[in-house]
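See below for the structure under consideration.
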Amino acid sequence: MNIEELRNFCLSLKGAEESMPFDDKTLVFSVKGKMFCATDINTYEFVNLKCDPDKAIQLREQYNEVIEGYYMNKKHWNSVKTKGEITDKQFQEWIKDSYDLVVLALPKKIQKELNDE
């Protein structure tokens, strides 16, 4: 998945927005102000994705391309290498999982507003 495909997929998710809140190279995708995906637009070597802690460990053990979240909380985030054996379908599934985790952590009122959009 190239960076444009990543961008298009992330922005296709309901309520998703893009920004560069940290610097001029880190592209962040969020929903209702909560980040679910981030990558360096200059190198595009990794994509940081939120992940269930147990699943995060399982994915790291199963795939060489999945490591502890780079510059992130290592319990809740994975970094996925953009070069390697990970298919676009797997990438999209993991992005959607990250998005869903963030949405589930939003207050119920915000979740309802998101669903009503």
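For what it's worth, our numbering labels the leading residue of the sequence shown as 54, then goes sequentially.
From the three backbone atoms N, C-alpha and C, an ideal C-beta is built for every residue, glycine too.
| Query | Result |
| --- | --- |
| Please determine, among Pro74, Thr92, Asp76, the residue with the shortest C-alpha to C-alpha distance to Cys63. | Thr92 |
| To the nearest angstrom, how far is it from the Cα of Leu167 to the Cα of Lys67? | 7 Å |
| Tyr123 to Gln111, Cα distance in whole Å? | 17 Å |
| So, is Ala244 buried or exposed, given that buried needs 16 or more other C-beta atoms within 10 angstroms? | No information on residue 244 is available, as it lies outside the stretch 54 to 170 that the chain covers here. |
| Could you name the residues that DSSP lists as bridge partners for Ser132? | Asn101, Ile120 |
| Rounded to whole angstroms, what is the Cα-Cα separation between Lys161 and Asp153? | 13 Å |
| What does a CB cutoff of less than 7 Å around Ile139 pick up in its chain, not counting 5 residues either side in sequence? | Tyr116, Glu118, Val133 |
| Give the DSSP bridge partners of Phe82, in chain order. | Glu71, Cys90 |
| How about Leu80 and Met73: do their beta carbons lie closer than 8 Å? | yes |
| Applying the criterion that 16 or more other CB atoms from any shown protein chain within 10 Å of the CB defines a buried residue, is Asn101 buried or exposed? | buried |
| Does DSSP put Pro160 in a helix, in a strand, or in coil? | coil |
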